[in-house]
Structures are given as structure tokens and as C-alpha cells.
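Numbering (numbering that gives the first Met the number 0), first residue to last: 0 to 667.
Step one of this worksheet: look at the structure below.
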Amino acid sequence: MDKTGSLLERYRIWWLVLLVFVAVSAISRTALLVSGWPEVSLRPLQLLGVYGIGLFYDLIAGWYFALPVFLLVWLLPVRFQRSKFGLVLMKSVLLLSILLLVLNAFAEWFFWQEFNVRYNFIAVDYLIYTNEVLGNIWQSYNIPLVIAGVLLLTFLVWFFVRKRVVAPSGKVGPVTHISVLLMVVTIGLGDFVWVDEGLRNFSDNKLNNELAGNGMFQFGSAFRKNEMSYEDFYPTEDTSKVFTTLHQLLQTPGARFVSNEPQELGRSIEPAGAGRKYNVVLISIESLSAEYLDYFKEYHNRIYPDYLIDELGYAPKLTPNLDSLINESLFFTQLYASGTRTVRGLEALSTALPPTPGQSIVKRLPTRSGLFTLGSVLKQNGYDTKYVYGGNSFFDNMGDYFGKNGYAVIDEDAIPEDSIHHKTVWGVCDEDLYALAEKEMAISYASGKPFFQHIMTVSHHRPYTYPEGKVTVPPKFQRREGALQYTDYAIGKFLQAMRGKPWFNSTIFVIVADHCADSGGRTDMPLNKYHIPCWIYAPGIVKPGKFERLTSQIDLDPTIMGLLNLPYTSRFFGYDVFKLEPGRERLLLVNYQDVAYVKNDKMVVLSPRKQVRMFRPDYRTGAVVPIPKDPKMIEEAIAYFEGASYLFSHNLFTASVPRPQSVTIASK
């Protein structure tokens, strides 16, 4: 037998695992492609990119996956591999490898259905919050059936390839043996150093780019880049220029910069007239896309499945209470979320800071304390400030983050077990959450302090279960439609209860989504997947109406402060939109790695590898059209994102702000 034949036999199990990896990855890619239709482009060159680039990443990921098998074979003597026990061991290794690959393919399928992307930061988070994640999977899917499917497919693949595992008959000399080890390890190290995920971004269609990747490769990349340095990966400007631009962008009527220090963005806000210490209740609703409301679209007419309509006899409205609240509130028709996850919404609604690449600052460990937040501002003004959450506040680091930055944290532990009417792995149902919030309001009211509560709901979340007998869609269906109905029912019941409370006439209720339910689309930044509703409900305080101007989620904090008319020193990047001059509206967005700046119907997208692109976005469909670059707008985009990243990383975004002094750098 020649040397090549000896090598193939010696490491047969290794390259067999590698080939199975590539085959399973290709089949999985095809399944995801079919699932993504019609959003996926099926043009020949697009498919060539999906499968050609995909094969490249499959080979690299497979190289890593099969490396432990290679090392095992390399270490075991040939004599042992020829023994009966050695052959059983090799077949068992193959079986275990196939099981892991099939299990991963199923996991990727479910992840894709939820997020329309390959593994990313969220998948890395799942390693930390295993209780919530595994519980959610168990409650959302028929796990016995899934396990049966995994085992069946694993056995079929193993049965097909098992006979190819044979004992090696040839010999490999020691020099060749060591040379093969060096080659395999060197290729692996080279891939680690020189190959990144940028090659998969060959298309203008986001889903095609995702399909061209490999889930395991993407997971490793996300694990390595969970917190990305803006300066290392994104377009930058000189620091002094960044802050000069920010001083111009953040100058607003009635604001005065407090210091001549270039990197100090604190502004003294001195409103005319007396301050009004109204109570503030900020309710962030899980995954409440604007399209669910009748005001924007008759969404329920197209998402109700036939079997559900047949069961109920009709397609009931999803959000009747929230729809009716529109005419009683100041309703924002053009408000957009900062990101695609709850932690991004919490970040925007607490700090009014532009979203920086990588992980949300809510989750960055160790948790930064003493940040400038809406809670810290109101606490300094004598408010009793609380973050009220229906789940375990350990999840997503909420408890540590809010507890160290101006809020008392109240979570499910504060609810007696006999008072819980329904619970999922994510927490108690919204009715129980609102009952907890009401109890805490009564405590604050009795203390004589004005109160600020940030309430985060959880019922509109998979597994989409809730108490029986509350809405027309029974919880047994585990459908989003039913969870939406229940979310709407619970907030309607809560507001009705509030109308009878002694603090109601002096309370401002701000109701807003944390993010949209679905972030998938053909483009990296589909604006229709960031559009969320917002109500400011305060009869006798805030006049009902429609606010039609473009508004960012980070604008809500300074806008709330403007309604209270309280003097304070601000580090918010958001605007008080009721005082902002027309034409200065803008959006600041993030997906998993890209950040975007939207202004005057143009969008700048900043990406890793210091890429800059510009588009004309369609707010309704999410489509984008490339346009020539606008240097001024790119400069502003870089200033926002680089400046925010700089302040946070250099511990300059703090609740401690210098007292006002004479300044000369704030002119616009």
C-alpha cells in the first residue's frame, strides 16, 4: 500500500467525520433556504454564492469539529485500532459525532425560525441562561417528538456510513505521523487567525449572507467577538473631531453645556416655569411590533391560521385595548426601536445612549455602576425608582445592571407562590406582574415620594401560554396571536385598575415596545422590523393626539424629563422631541454587528472591517437602495457611535456630572 493509502486508512474516521459534517451542513443549509423562501434570492449567482461560500465555511468548521477525533486517532496505537475494542470505539466516536451534528442541525432550525439568522450573540447567551432557554424549548416544542427525530436521523446516517469504519492495515512512519499532526494543527491555527465571517457577506440579501455561513463557525465567531471594540472594527475619526461634532449634534433649545472639556457632553437643562413631579410608569412590552395594531395594519387578518379561525369561528382583534388607547393618548406613529432584543430596549430606555456594537451594555460584565440613567436622574430628584420584572432578574443581567444604576430591583421573588396564577420559564403572567407593580406603587405613594417604575412584561413570548379563560384564543394553541390578546387584556385591566387609584391623576404612563417580534428581512437594517408603537397616557396632563415625527427609542427619556419640566444636567444622547427643531429627527439602530444612522430619508450603515455603506430606506417594506455616500452624514454617524463607545469604555458616561460653568464650545 502506498503512503497516501496508508494515511487515508490511518485517519479514516477523521476524514469520515469531516465528510459527514459537510454533508449534514449542506442538507441543513438547503432546509433553511426552503424555510426562508420567498425572502431568499434564488438567482443562480446568489445560489452559487450560498453553496460555494457555504462549502468553504463548512470545511473550516468541520476541520475544527473533527479535530478531537483526529487527535484521538493520532494518539491511539495502530495495534489498538485493529483490535475488536478499538473498532467498537471508532464506531462509537462516529455515532457520537453524527448525533452531535444532527442535534445541532435541529437546534439551528429552531434558532432560524426564531431569529432568521445563524448563531450569533444570542446563541452565546444561551450558554449562560440554560434554565430559561431549556425551559422555553421544553414549553414551546414537542420535545419527545424532536428527540425521536434526532435519534432516528442519527441512526440512519450512522447505518449508512458505519461499514466504512475499518481497521487500518497500512503503516505510517514516525516522520509522516508528526508531519500530519503539524499540518492539521497549522491549518486550524491559520483558519483561526486569517478567516473571519466577512466573506459570507457577498449579497445585498441578508438571508443569503446568513445561509452562506456555517452555524458552528458563526457561534465561534460570536463567542470571540461578544464585546467588540468600536475603534478596532468600525470606521473612526479623530477623537477631537468626534466630540466637536457631538457638541453640535446634541445642542438643543434650552440646553447649555456645563464644561469646556471637549469630552464632557453634560448639558444643563433649565426649563421655564415650575417643575412638576408627576409619577412616571414606563411599561416596556415584550416584542410589540407596530404592525400588530389596527392603526398600522389589519395584521390579524393575515396571520391567523385557518385551523384557528375554524376553531374560533372568526379572527378576533389582537389588541383592542391598546387600539382604543390611541385616541386617549399622545400616540407616536413613527417611533423606532434601537435594536432587536430586550436588552437593547432596556439599554435605550434607561440610558438614552446610542447602541454600540457587540453586546448591550446591560449585559457587559462586570457590570458598570453609577451610569447616567433615567432612574439615576429621577432618584436625584427625590423619586422612588424601581425596575419591576416578572421573571428572574438574573436573566440577561437585568438585576445587576439596574440595581447598580439608580433602580431598586423587584422581580418574581417578591410574589408569594400562592399569588401566582400562571407562570412560564420566563416569569409570571402579566396580570401577576401588574399586581406586583401596583403593590409597589402603593408603597411608594404611602411614603410621600413621587415614584418612577420601569415595568418589563414577559407574556408575549414563546411558549405563548397564559391563564385560561381570559381571551378568545385558548392557551392550548400556544400561538403568538393568543399571547398578544392576553398581553393587551392584561394592560387594559391594569389601566382600568389605575383609574381608581389616588395617584392616577398625577401619573404619566408611557407604554412602548422593547423591540419588534421579528427582526428578519432581506436587508441588514430593515426599518419595518424596528417600527414600534408608543403611547403617553396621562389624562389631564398630556393632551391626546398623534405625534407624526420620526422618533428614536433613545428620545423617550429626555422627552419624559421634558414633560416633568424638571431642571437637570443631561448626558442623554436622545432629544426632547417636543422641543426639537424640525429637520433634526434621526434614528440610531443596531442589529447583531452593524450600526445604522437614519436621517432625512437616508441611511448610513457602519460595519466591521471599517466598512461604510449608504442607502435610501423604505420605511414600509424595509427595502434599501444604494446611494452615493454623503460625507457629512457619515461624519455624524461615526460621531454618534464612536462617541458613545468612547464615553462608555472610558467611564465617562456617569451619573456624576460637573456643575455648570462658562463654556464656549457649545455653539451650533
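C-beta: ideal position from N, C-alpha, C; glycine also.
Just so you know, these numbers come straight off a predicted model, no measurement behind them.
Original post:
According to the Cβ coordinates, are L210 and P532 closer than 8 Å?
Top reply: For L210 and P532, no; Cβs fall outside 8 Å.
Subject >> Within 8 Å, strictly: CB atoms of P356 and V589 >> reply: Between P356 and V589, the C-beta spacing is below 8 Å.
Original post:
What whole-angstrom Cβ distance do Y463 and R479 have, given they're in contact under 8 Å?
Top reply: Correct: roughly 6 Å between the Cβ atoms.
Original post:
Whose C-alpha, out of G544, G134, V179, V424, is nearest the C-alpha of L74?
Top reply: Its Cα nearest to that of L74, the residue V179 stands out among G544, G134, V179, V424.
Original post:
For F647, does the three-state DSSP call read helix, strand or coil?
Top reply: The three-state reading of DSSP puts F647 in helix, counting H, G and I together.
Subject >> 6 Å Cβ shell around M89 - same chain, five flanking residues per side excluded >> reply: Around M89: I12, V164.
Original post:
Helix, strand or coil: which one does DSSP assign to L605?
Top reply: In this structure, L605 counts as strand in the three-state DSSP scheme.
Original post:
With respect to the beta strand (DSSP E) encompassing I510, which residues constitute its N-terminal and C-terminal limits?
Top reply: Where I510 is concerned, the enclosing beta strand (DSSP E) stretches over 506-512.
Original post:
Using DSSP with H/G/I as helix, E/B as strand and the rest coil, what is Q333?
Top reply: Three-state result, Q333: strand.
Original post:
Hey, F614 and P627: beta-carbon distance below 8 Å or not?
Top reply: With contacts defined by Cβ atoms closer than 8 Å, F614 and P627 do not form a contacting pair.
Original post:
Can you tell me whether DSSP reads D190 as helix, strand or coil?
Top reply: Residue state, collapsed to three classes: helix.
**OP:** From the DSSP output, in three-state form, read off T238 for me.
**Re:** Assignment of T238 by DSSP, reduced to helix, strand and coil, places it in the helix class.
Subject >> Residues of its chain near P173, where Cβ-Cβ distance is below 6 Å and the 5 sequence neighbours each way are ignored >> reply: Cβ within range, chain order: n/a, list empty.
**OP:** Consult DSSP for F393 and reduce its assignment to one of helix, strand or coil.
**Re:** DSSP places F393 in coil when its eight states are reduced to three.
**OP:** Note down the Cα distance separating F450 from V280, rounded to an integer number of angstroms.
**Re:** So the two alpha carbons sit approximately 8 Å from each other.
**OP:** Excluding the 5 residues preceding and the 5 following P190 in the sequence, name in chain order all residues of the same chain whose CB lies nearer than 8 Å to its CB.
**Re:** Rather than Pro, the amino acid found at residue 190 in this sequence is Asp. Hits under 8 Å: I59, W62, Y63.
Subject >> Residue range of the unbroken beta strand (DSSP E) whose run includes I626 >> reply: Here I626 belongs to no beta strand (DSSP E), and DSSP marks it neither H nor E.
Original post:
Do the region 186-203 and the region 555-571 touch if we need at least three Cβ pairs shorter than 8 Å?
Top reply: Judged by pairs of C-beta atoms under 8 Å, the region 186-203 does not touch the region 555-571, as fewer than three such pairs exist.
Original post:
At which residue ranges does the region 243-291 contain complete alpha helix (DSSP H) runs of 4 or more residues, listed in the order of the chain?
Top reply: For secondary structure counted as the alpha helix (DSSP H) over 4 or more consecutive residues, the region 243-291 holds no complete run.
**OP:** Please work out which residues of its chain come closer than 6 Å, Cβ to Cβ, to V156, disregarding the five sequence neighbours upstream and downstream, and give them in chain order.
**Re:** So the list reads I97, once near-sequence residues are dropped.
**OP:** Would you mind listing the alpha helix (DSSP H) stretches within the region 43-75 that are 4+ residues and don't spill past its ends, in chain order?
**Re:** 43-74, all fully within the region 43-75.
**OP:** Below 6 Å CB to CB, which residues in the same chain sit around S443 once its five sequence neighbours on both sides are set aside?
**Re:** D383, F450, listed in sequence order.
**OP:** Please classify E297: does DSSP put it in a helix, a strand, or coil?
**Re:** Confidence in E297 is poor, its pLDDT being 49 and thus under 50, which makes the residue's placement too unreliable to answer from.
Subject >> Spatial neighbours of R619 in its chain, beta-carbon cut-off 7 Å, leaving aside the 5 residues before and after >> reply: Cβ neighbours of R619 beyond the five flanking positions: N527.
Subject >> Distance CB(V342)-CB(K362) smaller than 8 Å >> reply: Against a cut-off of 8 Å, the Cβ pair of K362 and V342 comes out as a contact.
Original post:
If you count every other CB in all the chains shown that lies within 10 Å of the CB of M182, and 16 or more means buried, which is it?
Top reply: The residue is exposed, with fewer than 16 neighbouring Cβ atoms inside 10 Å.
Original post:
Taking the C-alpha atoms as reference points, what is the distance between V563 and V33?
Top reply: This sequence places Leu at residue 563; Val is not what is there. A direct Cα-Cα distance of roughly 52 Å separates L563 from V33.
Subject >> Nearest to V509 (by Cα), restricted to the options E547, R548, I454, F476 >> reply: Put simply, of E547, R548, I454, F476 the residue whose alpha carbon is nearest the alpha carbon of V509 is I454.
Original post:
Does DSSP put V183 in a helix, in a strand, or in coil?
Top reply: It is helical.
**OP:** Locate the beta strand (DSSP E) running through G544, then write down its first and last residues.
**Re:** First-last of the beta strand (DSSP E) with G544: 544-546.
Original post:
Can you tell me the Cα-Cα spacing of S82 and R9, whole angstroms?
Top reply: Each residue's alpha carbon lies about 14 Å from the other.
Subject >> Nonlocal neighbours in the same chain, by C-beta distance under 6 Å from E641, ignoring five residues either side >> reply: Sequence-distant partners of E641 (beyond 5 residues in either direction) whose C-beta falls short of 6 Å from its own C-beta, in its chain, are Y229, T235, V241.
Original post:
With distances taken from CA atoms, which of G53, T318, F647, K469 is nearest F201?
Top reply: For F201, the closest of G53, T318, F647, K469 by C-alpha to C-alpha distance is G53.
**OP:** Assign A636 to buried or exposed, taking buried as 16 or more other Cβ atoms, counted over all protein chains shown, within 10 Å of its Cβ.
**Re:** Buried: at least 16 other Cβ atoms inside 10 Å.
Subject >> Reference D575; option with closest CA among A595, Q495, Q552 >> reply: The shortest Cα separation from D575 among A595, Q495, Q552 belongs to Q552.
Original post:
What whole-angstrom Cβ distance do L95 and T318 have, given they're in contact under 8 Å?
Top reply: Wrong, their Cβ atoms sit about 48 Å apart, outside the cutoff.
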